[in-house]
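Here the structure comes first, spelled out in C-alpha cells, and everything after it is commentary.
There are 2 protein chains.
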Amino acid sequence: MKNYKPKGRLKAAEYIKGILKSDRVLLSRAITIVESNLESDKILAKEIVQSILPNSGNSFRIGITGVPGVGKSTFIEAFGIHLIKQGKKVAILSIDPSSQRTKGSILGDKTRMEELANMEEAYIRPSASGDTLGGVANKTGETMLLCEAAGYDVILIETVGVGQSETAVHNMTDFFLLLMLAGAGDELQGIKKGIMEMADMVVINKADGDNITMSKMAKRQYQNALHIFPQADSGWSPVVSTASAIKNIGINNVWEEVGNFKKLVDENGYFLKNRNQQQIKWMYNNINEELKHLFYGSEEISSQLKVLEKEIISSKISPVKAAQNILEQFKKSI
Amino acid sequence: MKNYKPKGRLKAAEYIKGILKSDRVLLSRAITIVESNLESDKILAKEIVQSILPNSGNSFRIGITGVPGVGKSTFIEAFGIHLIKQGKKVAILSIDPSSQRTKGSILGDKTRMEELANMEEAYIRPSASGDTLGGVANKTGETMLLCEAAGYDVILIETVGVGQSETAVHNMTDFFLLLMLAGAGDELQGIKKGIMEMADMVVINKADGDNITMSKMAKRQYQNALHIFPQADSGWSPVVSTASAIKNIGINNVWEEVGNFKKLVDENGYFLKNRNQQQIKWMYNNINEELKHLFYGSEEISSQLKVLEKEIISSKISPVKAAQNILEQFKKSI
Numbered sequence: 002m003k004n005y006k007p008k009g010r011l012k013a014a015e016y017i018k019g020i021l022k023s024d025r026v027l028l029s030r031a032i033t034i035v036e037s038n039l040e041s042d043k044i045l046a047k048e049i050v051q052s053i054l055p056n057s058g059n060s061f062r063i064g065i066t067g068v069p070g071v072g073k074s075t076f077i078e079a080f081g082i083h084l085i086k087q088g089k090k091v092a093i094l095s096i097d098p099s100s101q102r103t104k105g106s107i108l109g110d111k112t113r114m115e116e117l118a119n120m121e122e123a124y125i126r127p128s129a130s131g132d133t134l135g136g137v138a139n140k141t142g143e144t145m146l147l148c149e150a151a152g153y154d155v156i157l158i159e160t161v162g163v164g165q166s167e168t169a170v171h172n173m174t175d176f177f178l179l180l181m182l183a184g185a186g187d188e189l190q191g192i193k194k195g196i197m198e199m200a201d202m203v204v205i206n207k208a209d210g211d212n213i214t215m216s217k218m219a220k221r222q223y224q225n226a227l228h229i230f231p232q233a234d235s236g237w238s239p240v241v242s243t244a245s246a247i248k249n250i251g252i253n254n255v256w257e258e259v260g261n262f263k264k265l266v267d268e269n270g271y272f273l274k275n276r277n278q279q280q281i282k283w284m285y286n287n288i289n290e291e292l293k294h295l296f297y298g299s300e301e302i303s304s305q306l307k308v309l310e311k312e313i314i315s316s317k318i319s320p321v322k323a324a325q326n327i328l329e330q331f332k333k334s335i
Numbered sequence: 002m003k004n005y006k007p008k009g010r011l012k013a014a015e016y017i018k019g020i021l022k023s024d025r026v027l028l029s030r031a032i033t034i035v036e037s038n039l040e041s042d043k044i045l046a047k048e049i050v051q052s053i054l055p056n057s058g059n060s061f062r063i064g065i066t067g068v069p070g071v072g073k074s075t076f077i078e079a080f081g082i083h084l085i086k087q088g089k090k091v092a093i094l095s096i097d098p099s100s101q102r103t104k105g106s107i108l109g110d111k112t113r114m115e116e117l118a119n120m121e122e123a124y125i126r127p128s129a130s131g132d133t134l135g136g137v138a139n140k141t142g143e144t145m146l147l148c149e150a151a152g153y154d155v156i157l158i159e160t161v162g163v164g165q166s167e168t169a170v171h172n173m174t175d176f177f178l179l180l181m182l183a184g185a186g187d188e189l190q191g192i193k194k195g196i197m198e199m200a201d202m203v204v205i206n207k208a209d210g211d212n213i214t215m216s217k218m219a220k221r222q223y224q225n226a227l228h229i230f231p232q233a234d235s236g237w238s239p240v241v242s243t244a245s246a247i248k249n250i251g252i253n254n255v256w257e258e259v260g261n262f263k264k265l266v267d268e269n270g271y272f273l274k275n276r277n278q279q280q281i282k283w284m285y286n287n288i289n290e291e292l293k294h295l296f297y298g299s300e301e302i303s304s305q306l307k308v309l310e311k312e313i314i315s316s317k318i319s320p321v322k323a324a325q326n327i328l329e330q331f332k333k334s335i
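Heads up: the sequence lines are chains A and B, in that order. Count along the first sequence starting at 1, add 1, and that's the number in this note's numbering. Count along the second sequence starting at 1, add 1, and that's the number in this note's numbering.
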C-alpha cells in the first residue's frame, strides 16, 4: 500500500496513460490524488485533469437521490447490473459532505452492493472528503471526468436527499432521479424543499407485496404534485413510476425513460446546451466560493461579524450599514 | 416640486422628526432619499435609517405575490381596506427589479387602487429602481423600516411572482401569500419553481360566478401539492383558500389566517427568531453581493471571463482551473 502515500506518487503521464487504458488501479490512484488536500497533489491533480479533459464528457450522467431507508443501494445495485447487461460500463460515485463529520460515507460499505462491486464493468467509489460542499463537488466532478476518460459510459452520482448536495449533483448530471417510498408520510421522508422540482423522474421504490396499492396511490399523488410545476427547460415532463429494486421489478422501465429523455434532449439541443452551461456554472461556482473564502476566511473579519450580528439584533446598526462598514475594513486589509 | 431635488434636501433631523410624527410628505421625501443613487443622498439616507432604527420593527410584514392577471391590485385594495376597517394603518410597497428595464413599475399606476390610495390610513409606494435585485431589496427593506417608524401597522410588499424577487420579499416579511387562479393551467400561471414552497397561504382568487367549482377543485389540488412538502420551520401548515377580491369574498378569512399564524409564531418563539435571522441574513446578503461586485465589476475580469468560458466549452481548460487562474489575477489586481 505504500504506493498510495504521496512519496510514492508516479508522474502525471503515467496516471494519464493508465486512465486512458482503463486501468482501474491507476484510475483509483489518480482519484486519490484528485481528492487529496496536499499542495503537491493538487498540482499533480490539475495536470492529470487538464490532460484527460478532451477524453471526458462521453458518458450519460445520472444523479440519484433519496433519504436513508428508501433502498438506494439496492436500487443502484439492480440498476447498475441492468446497465451492465445492456453492455454499459458503469461508475458509481457519491457526494455527501455531511458524512465527513463522522468520517463516514454513504457508500463506505461496499458490501452493500456486493454483486455489482464484483463486476468488472462496474467501478464504485465512495464519497470524497472535504470541508465544504464546493470542495466535495469539485472532487466528485473531477472524479467523474476521470471515470469518463477511463471509458465508463454511465456515471451514477448518489446523494442522500437531505441536504444541499442535491443541487451540486443536479448541476453536474444530465438526468436527476428521485427515489421515494409510498405511505411513509411525506414529512417522514424529509425530502428537502426544492429537490422534487429538480427530478426528471420519481421512482416509488419498494413497490412489492402489501405495498403495491399504496405505491400506486403515491404514484398518482406525485404525478399531481409534479404537474403543479411549469415545464422544465429540457422540454421533458417528469415521469413517476413504481419499482421494487429487491425484486428487480420496474428497473428496466427506469432505463427506458432515461432513453426517452436522452432522445428528446439530443433532438431539441438541450443536452449539449445544458452540458455547456453546467461547465460554465462550475467555474462561476468556484469563483464565488473562493471569493467568500477570501473574506470569511479572515479571523479578524469573523470576530468583527459576531459583534455586528449582536449590534444588528439590538437595533444599534442597520444590516446595510453593517455590511458597508465591514467591507470597507476588508478592502483596506487586502 | 423643487424641494424634491437634492439641493432642496433638509437636514436628517427634520426627516426623522417628520417620520416619527407620521408626516406623509416627509416620509415620502425620506424614501426618495433612500432610493436615490446620489452619493450625498446615500450618506443622508444612512443617517436617517440609523436614527429611526429603534422605532422600526413594530409592524406585521406580509409578502404578496402572483403573476400578472391574477388580480393582485384588486386583492391588495380589498385586503388593505379590510385592514383599515380593523383599525390598522397599512403601507403597500412593491419590489420588482425587472420593471426597471422599462422604467415602469407594478404599482406605478396608483389609480389601480383608487379607493385605497385615497384613504388616510394607507400609504402606497411604487417599486424602487435599481440595477440589481440586491440594491432594490435594500431600498425596499429600508423603506419598510421608515414606514414602520411612521406608525404603519401592516406592511404589504408586493412582487410579481415570476422572478427572483420573491425570495428577497420572503426574506423581509413575516408571512408569505401566494395568489393563484383556478383553471388557468399551471404552466400558464408561470409560477417560478420554489415560490409555492415559500407560501404560508395560497389564495385562489377570482373564485366567483362560473369559476367557483373550478376554484374549489384548484383549492384541493394545491392542498395536496403543499402536503408533499415537509413542515416549515415556523411550525405552520400552509393553508389554501378561495377568494373573490372584486366581490370582497374571502378577504376577511385571509386576515383571520394571518392572525392564526401570528398567534402560533408568537407562542412558539418563531416570530422573533425569524426576524433576528432575517436581519442577520440581510447583512450577509449585502456582503456577498458587494464581494461579487468587487470582482465582477472589473472590466479586465469581465473580458477575461468571456475568454475562459470559450476555453471551457472547447475543453481547453477545466472549470476548476479556470476559476483558480482568474482568482490569482484578481488577488494581484487589488
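Glycine included, C-beta positions come from ideal geometry on N, C-alpha and C. Here the structure is a predicted model, which means the values were calculated and not measured.
- When C-beta atoms of the stretch 77-91 of chain A are compared with those of the stretch 35-54 of chain A, fewer than three pairs fall below 8 Å, so the two segments do not count as touching.
- For glutamate 143(A), the chain B residues whose C-beta falls within less than 8 Å of its own C-beta are Ser319, Val321, listed in chain order.
- Phenylalanine 296(B) reaches chain A at Ile288, Asn289, Leu292, counting residues in chain order whose Cβ is nearer than 9 Å.
- The contact set of glutamine 222(A) on chain B, defined by CB atoms closer than 9 Å, consists of Asn225, His228, Ile229 in chain order.
- DSSP places glycine 64(A) within a strand segment (E or B) once states are collapsed to three.
- Taken atom to atom, the span from the alpha-carbon of glycine 251(A) to that of threonine 243(A) is near 7 Å.
- Residues of chain A with a Cβ closer than 9 Å to the Cβ of valine 50(B) are, in chain order, Ser319, Val321, Lys322.
- The beta carbon of arginine 113(A) is closer than 7 Å to those of Ser74 in its chain, skipping five residues each way along the sequence.
- With respect to the C-alpha of isoleucine 96(A), the residue from Phe76(A), Glu78(A), Arg126(A), Gly70(A) having the closest C-alpha is Arg126(A).
- For the options Lys282(B), Glu48(B), Leu182(B), the alpha carbon positioned closest to that of threonine 214(B) is the one of Leu182(B).
- Counted as a single uninterrupted DSSP element, the stretch harbouring tyrosine 124(B) is not any alpha helix (DSSP H) but the beta strand (DSSP E) occupying residues 123-126.
- Within the stretch 13-43 of chain B, the complete alpha helix (DSSP H) segments at least 4 residues long are 13-21, 25-36, listed from N- to C-terminus.
- DSSP, read as helix, strand or coil, puts alanine 233(B) in coil.
- With a cutoff of 8 Å on beta-carbon distance, leucine 134(A) and alanine 79(A) are scored as not near each other.
- Under the three-state reduction of DSSP, isoleucine 247(A) is assigned to coil, being neither helix nor strand.
- Between serine 334(B) and serine 299(B), the C-beta gap is smaller than 8 Å, which places the two residues in contact.
- Below the 9 Å Cβ cutoff, chain B contributes Asn287, Ile288, Glu291, Leu292, Leu295 as neighbours of leucine 328(A), in chain order.
- Close to methionine 284(A), with beta-carbon spacing below 7 Å, are these residues of chain B in chain order: Leu309, Ile313, Pro320, Ala323, Ala324.
- Under a criterion of Cβ atoms nearer than 9 Å, no residue of chain B is adjacent to isoleucine 252(A); the nearest Cβ is some 25 Å distant.
- Within chain A, not a single residue places a beta-carbon under 7 Å from that of asparagine 206(B); the smallest gap is close to 17 Å.
- For glutamate 329(A) and leucine 94(B), the gap between their C-alpha atoms comes out near 31 Å.
- For leucine 273(B), the enclosing alpha helix (DSSP H) covers residues 271-297.
- When the five nearest sequence neighbours on each side are left out, the beta carbons in the same chain lying within less than 8 Å of the beta carbon of phenylalanine 61(A) are those of Asp154, Val155, Ile156, Asp175, Phe176, Val259, Lys263, in order along the chain.
- For serine 238(B), the secondary structure class from DSSP, reduced to helix, strand or coil, is coil.
- Interface annotation, serine 29(A): not in contact with chain B, CB-CB separation never under 8 Å.
- Within the stretch 249-282 of chain A, contact with chain B at the beta-carbon level (separation under 7 Å) is assigned to Asn277, Gln280, Ile281.
- Within the same chain, Cβ atoms closer than 8 Å to the Cβ of glutamine 232(A) are found at Ser238, the five residues on either side in sequence being excluded.
- Residue-level contact check: isoleucine 96(A) does not touch chain B, since none of the beta carbons of chain B fall below 8 Å from its beta carbon.
- Rounded to the nearest whole angstrom, the C-alpha separation of threonine 66(A) and lysine 317(A) is 44 Å.
- Within the same chain, Glu167 come within 6 Å of isoleucine 196(A) by CB-CB distance, once the 5 residues on both sides are set aside.
- By the Cβ-count criterion, leucine 178(B) is buried, with 16 or more other Cβ atoms from all chains shown falling within 10 Å of its own Cβ.
- According to DSSP, residue pairing for glutamate 159(A) in a beta bridge involves Ile65(A), Ser95(A).
- Annotation: Cβ neighbours of serine 316(A) in chain B (cutoff 8 Å, chain order): Leu54, Pro55, Ser57, Gly58.
- Look at the stretch 32-50 of chain A: the residues with a C-beta under 8 Å from a C-beta of chain B are Lys47, Val50.
- In the three-state scheme derived from DSSP, where H, G and I count as helix and E and B as strand, isoleucine 318(A) is classed as coil.
- For glutamate 48(B), the CB contacts under 7 Å within the same chain, skipping 5 residues up- and downstream, are Ala13 in chain order.
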